[in-house]
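Trainee: The structure that follows is given in the form of structure tokens.
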Amino acid sequence: MKLVSYWHDTAPVFSGGAQGPVEGHYDAAIIGGGFTGLAAAHRLARAGARVAVLEAERVGWGASGRNGGHLNNGLAHSYLSAKAELGKERAIALYRALDDSVDTIEALVAEEGIDCNFRRAGKLKLASKPQHFESIARNFEAVHADVDPDTALLSAADLRSEIGSPFHGAMLSKKSAMMHMGRYVAGLATSAVRHGAIIHENAAVTDRKQAGNRHELTTSRGRISADNVLVATGAYTTPNFGYFRRRIISVGSFIIATRPLSDAVIAATMPGNRTCVTSMNIGNYFRLSPDNRLIFGGRARFSATSDQRSDARSGQILRASLAAIFPQLAKVEIDYCWGGLVDMTKDRFPRAGYHDGVWFAMGYSGHGAQLSTHLGMIMADAMLGREDRNPMKGFEWPAIPGYSGKPWFLPMVGLYYKALDRIQ
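By the count of the UniProt record's numbering, the sequence shown reaches residue 424 at its end, each step adding exactly one.
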């Protein structure tokens, strides 16, 4: 078993990073070489701006290369919950931003010829308990009527042709998609460079100073200046950006990938070949990979991933969950196990905008694989002075009391959600 991300291990290595010292002046500097930062750089470079990406590791090293491979439309919350909290108009706008995000990726993949196995698969929100199906059905009725007619409610009988495990029904979101995240991030980075962006890998930002409209960024490989700065570091935001650290909760998410499955096993396990998410508070998400592995993830432990041994312990928990959902896979070989961080906000709504001289987009709360590309482009447009299309404009973002970036309270949160799963 390899303790590395399947997406990293099975994608071409990006080779377009700039060599030599980090230096010069740019129209825009982007901190973070994941989907958000690379999409913003791509947009800016195509508009003729001189743009530099500063990545502490390598492109796609963080959440963009460690997620479950889903491009799901819809919100991190139920639509009904979002409507109650935000109001109908804003909930619809945010829901449609997630729809637009999948469209944005599909168009970008086609325009740039990125070979990443993009496919509109549809997503199943699976009811783990009978009472969960009642809640899913109520949410479906509101979604279908208000904002997304490309949805369907499936009974337990309907699911027999979709998944080889007994769930109590599901909501199908037909616009949802999937892709190979490693191939996408390498292709997006290569495309950004082709349009003129400069990408510096292994260039961690260690200091920022601002004088008027001019920013100076010190990195481990040199220093640059820029007229605009976009912070796109999400769960991997460093202490020198304390404003965001006090608002982002970095939560570990863990994933395993099986060996390639035979056609017969797939027919008995995932015949529908969609992205799937269970309805438990501490639930699981899964899909088939392009080479027919089952990629299976979840919040195995409420802690931050720290090293490969920690990820391996989480992998054992996930294997037990996999066997509980798919007993036919109880003894299947696990080829990959890895962990990563999810950038959660307290209310699980993302944030994007401008604060204290810098632009930002983060807080995707488990829905970043699709939204990050879209928001990266939207923030690039804002930096270029174009129409403000930010769906998060005007969202308040208070700091979390008593929190400075180290989520000491996660074990207690985990116990709380485990208790809810037992009684709800």
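Ideal placement from N, C-alpha and C gives every residue a C-beta, glycine not left out.
1) Indicate the three-state DSSP secondary structure (helix, strand or coil) for lysine 331 in the structure shown.
2) Per DSSP, which residues does alanine 361 bridge with? Please list them.
3) Express the C-alpha separation of alanine 145 and histidine 77 in angstroms, rounding to a whole number.
4) Taking DSSP as the reference, what is the three-state secondary structure of methionine 344?
5) Could you name the residues of the same chain whose beta carbon sits closer than 6 Å to that of residue 447, not counting the 5 residues immediately before and after it, in chain order?
6) Tell me the start and end of each unbroken beta strand (DSSP E) in the stretch 125–207 that is at least 3 residues and wholly inside, in chain order.
7) Using 10 angstroms around the beta-carbon of glutamine 131, count the other beta-carbons present and answer buried if the total reaches 16, otherwise exposed.
8) Pick helix, strand or coil for lysine 209, following the three-state DSSP scheme.
9) Can you check whether the CB of isoleucine 249 is closer than 7 Å to the CB of proline 407?
10) Hey, could you find the ends of the alpha helix (DSSP H) glycine 298 is sitting in?
11) Is the beta carbon of serine 128 less than 7 Å from the beta carbon of glycine 65?
12) Mind checking which residues open and close the alpha helix (DSSP H) that includes glutamate 85?
13) By the DSSP assignment, the alpha helix (DSSP H) with aspartate 381 in it spans what residues?
14) DSSP three-state call for arginine 247: helix, strand or coil?
15) Considering only residues of the same chain and omitting the five flanking positions on each side of aspartate 356, which have a CB-CB separation below 7 Å?
16) Decide yes or no for the touch test of the stretch 71–85 against the stretch 43–50: beta carbon pairs closer than 8 Å, at least 3 of them.
17) Leaving out the 5 sequence neighbours to the left and right, which residues in its chain are closer than 6 Å to alanine 380 when beta-carbon positions are compared?
18) Given this structure, state the Cα-to-Cα distance separating alanine 137 from asparagine 292, to the nearest angstrom.
19) Please state whether the Cβ-Cβ distance between leucine 341 and alanine 211 is less than 7 Å.
20) Flag this pair as yes or no: are the beta carbons of phenylalanine 118 and serine 372 separated by less than 7 Å?
21) With three or more beta-carbon pairs closer than 8 Å as the criterion, would you say the stretch 103–120 touches the stretch 171–183?
22) Just how far apart, CA to CA, sit lysine 10 and alanine 91?
23) Can you give the Cα-Cα distance for glycine 60 and arginine 245, rounded to whole angstroms?
24) Under the DSSP definition of a beta bridge, which residues are partnered with lysine 2?
25) If I follow the unbroken alpha helix (DSSP H) through arginine 46, where does it start and stop?
26) Is it right to say proline 391 is buried, meaning 16 or more other beta carbons lie within 10 angstroms of its own, or is it exposed?
27) Would you check if there are 3 or more beta carbon pairs closer than 8 Å linking the stretch 147–162 to the stretch 315–333?
28) By how many angstroms is the C-alpha of isoleucine 224 removed from the C-alpha of leucine 288?
29) Got a sec? Which residues, its chain only, sit under 6 Å from threonine 269 by beta carbon, not counting five neighbours each side?
30) Just curious, the beta strand (DSSP E) that aspartate 227 is in, first and last residue?
31) Note down the Cα distance separating glutamate 162 from threonine 104, rounded to an integer number of angstroms.
32) Spatial neighbours of lysine 203 within its chain, please: C-beta separation below 8 Å, excluding the five flanking residues on both sides.
33) Assuming contact is defined by CB atoms lying nearer than 7 Å, are alanine 247 and alanine 399 in contact in what I supplied?
34) Tell me, please, whether the CB atom of tyrosine 403 is closer than 7 Å to any CB atom in chain C?
35) Considering Cα atoms alone, identify which of Ala121, Thr345, Val102 and Tyr95 is closest to valine 143.
36) Relative to the C-alpha of valine 229, which residue among Phe14, Gly376 and Gly69 is closest?
Mentor: From the atom records:
1) coil
2) Ala352
3) Each residue's alpha carbon lies about 17 Å from the other.
4) strand
5) With the chain covering 1 to 424 only, the question about residue 447 has no answer from this structure.
6) Positions of the beta strand (DSSP E) runs, each at least 3 residues long and wholly inside the stretch 125–207, are given as 151–154, 170–173 and 198–200 in order along the chain.
7) exposed
8) strand
9) If you check the CB distance, proline 407 and isoleucine 249 come in under 7 Å.
10) Not the alpha helix (DSSP H): glycine 298 falls in the beta strand (DSSP E), residues 294–298.
11) no
12) It spans 79–86 - the alpha helix (DSSP H) in which glutamate 85 sits, taken as one unbroken run.
13) Segment 368–383, the alpha helix (DSSP H) holding aspartate 381.
14) coil
15) Tyr243
16) Short answer: they don't touch.
17) Ala40, Arg43 and Leu44
18) 31 Å
19) It is not a contact, given that the beta carbons lie outside the stated cut-off.
20) no
21) In this structure the stretch 103–120 lies against the stretch 171–183, because at least three pairs of beta carbons, one per stretch, are closer than 8 Å.
22) The identity of residue 10 in the sequence shown is threonine, whereas the question assumes lysine. Going by the C-alpha atoms only, they are around 37 Å apart.
23) 21 Å
24) DSSP, once it has assigned bridges, lists Tyr336 as partnering lysine 2.
25) 35–46
26) buried
27) The way I'd put it, the stretch 147–162 doesn't touch the stretch 315–333; fewer than three beta-carbon pairs between them come closer than 8 Å.
28) 43 Å
29) For threonine 269, the CB contacts under 6 Å within the same chain, skipping 5 residues up- and downstream, are Gly164 and Phe326 in chain order.
30) 222–231
31) 27 Å
32) According to the sequence displayed, residue 203 carries alanine and not lysine. For alanine 203, where only same-chain residues beyond five positions count, the Cβ hits under 8 Å are Val22, Leu54, Glu55, Ala56, Thr219, Ser220, Arg221 and Gly222.
33) Here residue 247 turns out to be arginine, not alanine, going by the sequence shown. Contact: yes.
34) The chain inventory of the structure shown lacks chain C, comprising one protein chain alone.
35) Tyr95
36) Gly376
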